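Numbering (the numbering used here) for the sequence shown: 48 to 549.
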Amino acid sequence: MAMDVSPDPLTSGPLNHPGTSPSGRVNSGSWVKRLLLIGGALGIVAALGTVIPNMFAAPESGPQLMYTVARSDLTVTIMEQGTLESSDNLEIKNKVRGSNTVTWVIPSGSVVKAGDELVRLDTKVIEETVSEQKTKVFEATATLKETEADLAGAQINLDAYLDGRYRGRLKRSQTGVTIAESNLRSAETMLAKSRGLFNKGYITELELQGNELTVTQAKLQLQVAKTELDVLERYTKQMDLEGMRGNLTYRQGKLKADQAGLKMTESRRDRALRELEQCVVRAEKDGLVIYPTAAAWKDTPDITEGAIVAREQVLLIMPDLSKMQIKVGVHESMIDRLTPGLEARVTLPGRVLDSKVSSVASITRPAGWWTGNVVKYDTIIELPPAVGLKPGMSAEVEIVIARHENVLTVPVAAVVETDAGSYVWIKAASGMQRRPIKIGDNNDSFAIVTAGLKEGDQVVLNPASFASEEEDDPLKKYQDKQDEETQTQETDPADDTSSATS
């Protein structure tokens, strides 16, 4: 209510302060004016005290926003954001062993032809490796040649022993035995004749003893010759052969080792040469080149000038633009309702595509601080072939998880959820009433009512304005419950103490 407050005529003029006479006595006229001013001020204050509370007082009930319950079709969807990617990517990997520094990389999104340079790596370490391996190849080749010569010498030595030295020693030993046998026979013949002459007295006994000694010496020489021949055939030959054959076997083994060493060294050299060539990464085919997706916590791509890359790390990706898809993360609370084949509507800059869910991950993607520890499952939406689709384009995906036809619905804004259940405020003949209801499936705007309402019922869209602060406010109920629990905890120790005292 508006009220026109006019200024008091007593105070419309300038305020006159009490004056004094030149003699210092109080002027009696000033007291009259002062009393009139005070009375006018008190009147204004009284008027304002009546008007102002009425001006700022809230009405007993605000305007009601009503909705008439009716049957309609309800579509339940999941909205997620994602980016386009190809389902068929040619990964260009680093083939150089160890850690290498990127000295140059082609910009992401470039269109290249087969053979074009894509990435260059630092070649200093590889060049040193190539030089070192070439030197080792020369050394291994020289060692192999030396071993081959030693092996040939060992084989010749064995053949020479069997065909030359051994046969010569054998012949000499056999000849010694023959000579010793001949000398023995001659000595025995001479001894026999000496005995006949001794019996006839032609020679002395000393001469006879000399011939007997000659026979004894001949026997000993024959025995020595036979022993030498036997040792040569049974032991010396075997010992010499074992030594020479062992040396030959050693040379043969060393030859194989040196051959394998040379082959390995040549392989290392060739690998270093290949890696030197692979320090310049070239396109395998014509197409678009993009950077691989960096980790979620990184602000820059993994492949930049100066970056350190490892072997088999993906440097670049060449996507097949005819096979595009979108990977979105769906919250774990909705994953049980997702199945391959569900309809999906993809909104891209300037176009909308109808698609379907092609796959749903069975395990969750890793959660971390960079995702707010939110657990999500990767869901793939395969896109139909279309011109102008490129990896990295932002997209909004709406997945239809349920369609309900001709169902009773109510706006979710009208539903109040409490621990005791759900209810709405409806307009009845006696005024606004709270009505408990049962709800089913819902989307962001409407919920299906399975019990508690019928067509034509009018529900309040702003039910908070009708919730009684003392009875119906869920927040106050919760607070009262907390206060009650706190008071109980505070009184329990005292009760326990009194019980113990008694």
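For every residue, glycine included, the Cβ atom is placed at its ideal position computed from N, Cα and C. A quick note: this is a predicted structure, and the numbers were derived from the prediction, not measured.
Compare the Cα-Cα distances from residue i to each of the options and report the closest residue.
i	options	result
Gly292	Lys303, Thr263, Ala201 and Pro339	The residue you asked about is not Gly; residue 292 is Arg in the sequence shown. The shortest Cα separation from Arg292 among Lys303, Thr263, Ala201 and Pro339 belongs to Ala201.
Met371	Arg358, Ser441 and Arg318	Ser441
Glu322	Asn453, Arg242 and Ile173	Ile173
Ala187	Ile337, Thr312, Leu389 and Glu429	Thr312
Val421	Leu430, Met381 and Leu400	Met381
Asp120	Leu508, Asp488 and Gly499	Asp488
Leu137	Met365, Ser469, Ala467 and Gln505	Met365
Phe493	Lys266, Phe513, Leu112 and Val459	Val459
Val407	Ile373, Ala511 and Arg392	Ile373
Ile125	Thr497, Val377, Val434 and Leu500	Val377
Leu191	Leu302, Asp317 and Val507	Leu302
Leu238	Leu231, Asn258, Arg219 and Leu244	Asn258
Asn483	Gly397, Ala476 and Asp466	Per the sequence presented here, residue 483 reads as Pro, with Asn not at that position. Answer by Cα proximity: Asp466.
Ala161	Leu217, Ala330 and Ala117	Ala330
Val462	Arg118, Ala511 and Ile139	Ala511
Tyr338	Ser134, Ser157 and Met113	Ser157
Leu279	Gln221, Leu269, Arg318 and Lys240	Gln221
Val177	Val143, Ala199, Ala196 and Asp206	Val143
Gly478	Gly243, Tyr424, Phe513 and Lys247	Phe513
Leu231	Val496, His451 and Gln264	Gln264
Val356	Lys423, Ile139, Asp491 and Arg242	Ile139
Thr497	Asn490, Lys485, Asp491 and Asp135	Lys485
Asp349	Ala307, Asn147, Ser405 and Glu390	Asn147
Val336	Ser134, Glu127, Val159 and Tyr114	Val159
Val404	Glu195, Ile226, Lys266 and Ile428	Ile428
Val224	Leu269, Val434 and Arg214	Leu269
Grab the span of the alpha helix (DSSP H) containing residue i for me, first residue to last.
i	result
Asn509	Segment: none, Asn509 is in no alpha helix (DSSP H) and carries neither H nor E.
Gly293	Lys284 to Gln325
Gly200	Lys171 to Ala207
Ala564	Outside the shown range of the chain, which is 48 to 549, sits residue 564, and nothing can be said about it.
Arg219	Tyr213 to Lys247
Within the continuous beta strand (DSSP E) that includes residue i, where are the two ends?
i	result
Gly118	The question names Gly, but residue 118 in the sequence shown is Arg. Unbroken beta strand (DSSP E) run through Arg118: Ala117 to Ser133.
Met440	Unbroken run through Met440: none, as it is neither H nor E.
Asn489	Gly478 to Asn489
Ile139	Asn136 to Lys140
In the DSSP assignment, what residue or residues form a beta bridge with residue i?
i	result
Ser157	Val336
Glu445	Met126 and Arg392
Val463	Tyr470
Ala494	Val457 and Asn489
Ala475	Gly478
Glu164	Arg329
Arg450	Thr122
Val143	BP columns for Val143 are empty, so no partner.
Thr148	Ile355
Using a Cβ-Cβ distance cut-off of 8 Å, determine whether residue i contacts chain B.
i	result
Arg398	Of the protein chains in this structure there is only one, and it is not chain B.
Exercise. At 3 residues or longer, and completely inside the region 354-433: list those beta strand (DSSP E) runs for me, N to C.
Key: 361-366, 371-378, 390-395, 398-407 and 423-429
Quiz item: Is there contact here, the region 148-156 with the region 165-183, by at least three beta-carbon pairs under 8 Å?
Solution: yes
Self-check item: Touch test, the region 279-288 against the region 246-266, Cβ-Cβ under 8 Å, three pairs minimum
Solution: no
Self-check item: Contact between the region 503-513 and the region 448-464 (3+ Cβ pairs under 8 Å)
Solution: yes
Quiz item: Is the region 346-362 in contact with the region 196-213, if contact means three or more CB pairs nearer than 8 Å?
Solution: no
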